[in-house]
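Residues in the sequence shown are numbered from 231 upward in steps of one, following this note's numbering.
For glycine and all other residues, C-beta sits at the position ideal for the given N, C-alpha and C.
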Amino acid sequence: MTLTATSAPALPASTPPKKAGARLVPRMLSRTAVNGVLALAMLYTVMPLLWLLMAATKNMRDLFGTNGFTFGRTFDLGSNLAHLFAAGDGIYLRWLGNTALYAVGGAFIATTLCVAAGYAFDKLSFPLKEKIFGLILLGVLVPASAMALPIYLLASKAGIVNTFWGVFLPSLVFPFGVYLARVFSAAYVPAEVIEATRVDGAGDLRTFLSVGLPMLRTAFVTIFLFQFTGIWNSFFLPLVMLTDQHLYPLNLGLYTWQTTSLNQGHPEDYLLAITGSLVAVVPLVIAFVALQRYWKAGMTTGAVK
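In C-alpha cells, the structure reads:
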C-alpha cells in the first residue's frame, strides 16, 4: 500500500494593511476643502459690512481717494453721524422710527398670528384643514415682489395708499411663519399634554395660552426674527405704496439719498447714504446677538429625534 502525499491547499495571500497615513490624507483634504468653502463664505458675508464700516469713517475726499478697506485719514465717523442725524431736520431719525414701528409691531403681531395658526393646524381638527393649509403653502411659493402690485391695487380700493396702514397691514401676513409654527408645534408640544389639559376641563384657547404658547417660545423668537428681518429690509412695497417722505422706512429713504447723489449732483448725499446704511445694520445685529440662543435652537428643531 503506497501513500501519496497530497499538497495542502494554498492559503490566500494576505493583503498588506493600509497605512494610517493613507487614510488620513483624504480626510485632511476633505476637511481643508470644507474649511476653505466656509472661509470664502465668511469673506463674502463680512467684506461688504467691513467696507461699509470703513467708508463711514471718511470724508468725501478720502471716500474716493483712498483704499476701500482702510479707515479715513481723519476718522470722521463722529462728524458723519452728526451730519446724518441733522440732515433734513432730522428726517433720518423719522425714517428710523418708522422702520422700527413697521418691523417690531408688524413682526410681533404677525408672529402671534402665525404661532396660533400653526398650533391650530397641528393640534386641532376642523373641516378642510389640510386644504386650507395647502392654500397657505401656496403663499410661500409666491415672491413678495410679485405681490406688491396686487397689494397696491387692494390698498387703493381701500383708500390706504400713502398711509401708515398701507405698509403695516401687509406685513402681518407671513405664510412661511404658519408653516414653521406647525412644524414647531409638532416637535415641541406633546399631544399627551394637550389631552391632559382637556381632561382637566381647559378649553382650546386656555390650553394654547397656558400650555402651547410657553412651549412654543423658541418658535415665537425664530419666526419673529425671520419676519423682523424681512420687514426691516423691505423696499419694493414701500416704494410703490408711499410718496410722503415722512412715512418712508430706512431703505426707501436711503435710496432717495443715493438717487439724488447720482442724478441731481449732490455728492454729500452719497456719504449720508453710506453712514445711514451702517446705522441701519446695527439693530439687526443687536437683535440676532440678543436672541441667538433661541434662534439657533429653533433652526435645529427636528434634527435629532
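Residue i versus residue j - alpha carbon distance
i	j	result
Leu-367	Leu-410	11 Å
Thr-490	Glu-498	9 Å
Tyr-349	Ser-415	6 Å
Leu-280	Phe-299	7 Å
Ala-533	Met-445	Because the pLDDT of Ala-533 is 44, which lies under 50, any placement of that residue in the model is unreliable, and the number read from its coordinates should be weighed accordingly. About 18 Å.
Ala-417	Asp-306	51 Å
Tyr-322	Thr-505	11 Å
Leu-270	Leu-484	29 Å
Asp-352	Phe-363	10 Å
Val-345	Lys-361	19 Å
Ala-312	Gln-494	23 Å
Tyr-500	Leu-435	52 Å
Leu-508	Ala-449	29 Å
Thr-342	Thr-296	48 Å
Gly-327	Tyr-478	10 Å
Trp-462	Ile-453	14 Å
Phe-294	Trp-487	18 Å
Met-536	Ala-340	Since the first and last residues shown for the chain are 231 and 535, residue 536 lies out of range.
Arg-257	Asn-265	12 Å
Ala-537	Pro-405	Within the shown structure, residues of the chain are numbered from 231 to 535, placing residue 537 beyond reach of any answer.
Arg-291	Leu-502	14 Å
Val-397	Gly-318	23 Å
Ile-381	Leu-514	26 Å
Ala-426	Val-441	11 Å
Thr-262	Val-334	41 Å
Leu-492	Ala-347	46 Å
Lys-535	Val-413	The predicted position of Lys-535 is uncertain, since its pLDDT is 41 and thus under 50; no value can be drawn from it.
Ala-510	Arg-428	47 Å
Three-state class that DSSP yields for residue i in the structure shown
i	result
Asn-481	helix
Lys-288	coil
Gln-494	coil
Ile-390	coil
Arg-303	coil
Thr-489	helix
Ala-432	coil
Val-512	helix
Ser-464	coil
Phe-398	helix
Asn-328	helix
Pro-373	coil
Thr-448	helix
Asp-499	helix
Asp-319	helix
Leu-521	coil
Local Cβ density within 10 Å of residue i, reported as buried at 16 or more and exposed below that
i	result
Thr-329	buried
Tyr-332	buried
Asn-310	buried
Gly-320	exposed
Asn-481	buried
Phe-438	buried
Val-408	buried
Thr-287	buried
Arg-303	exposed
Gly-336	buried
Gly-308	exposed
Arg-523	exposed
Ile-516	exposed
Ala-235	Low per-residue confidence applies at Ala-235: pLDDT is 46, beneath 50, and the placement is therefore not dependable, though the value from the model is reported in the following sentence. Its Cβ having fewer than 16 others within 10 Å, Ala-235 is exposed.
Leu-314	buried
Short CB-CB distance (under 8 Å) between residue i and chain D
i	result
Val-408	Judged by its chain identifiers, the structure shown contains no chain D, having just a single protein chain.
(request) Spell out a yes or no on whether the region 392 to 400 and the region 467 to 483 are touching, meaning 3 or more CB-CB pairs, one atom from each, closer than 8 Å. (result) yes
(message) Under 8 Å, with one C-beta from each stretch per pair, do the region 368 to 387 and the region 463 to 471 reach the 3-pair mark?
(response) yes
(message) Can you confirm whether the region 398 to 410 touches the region 442 to 461 when touching is taken to mean that 3 or more C-beta pairs between the two stretches lie within less than 8 Å?
(response) yes
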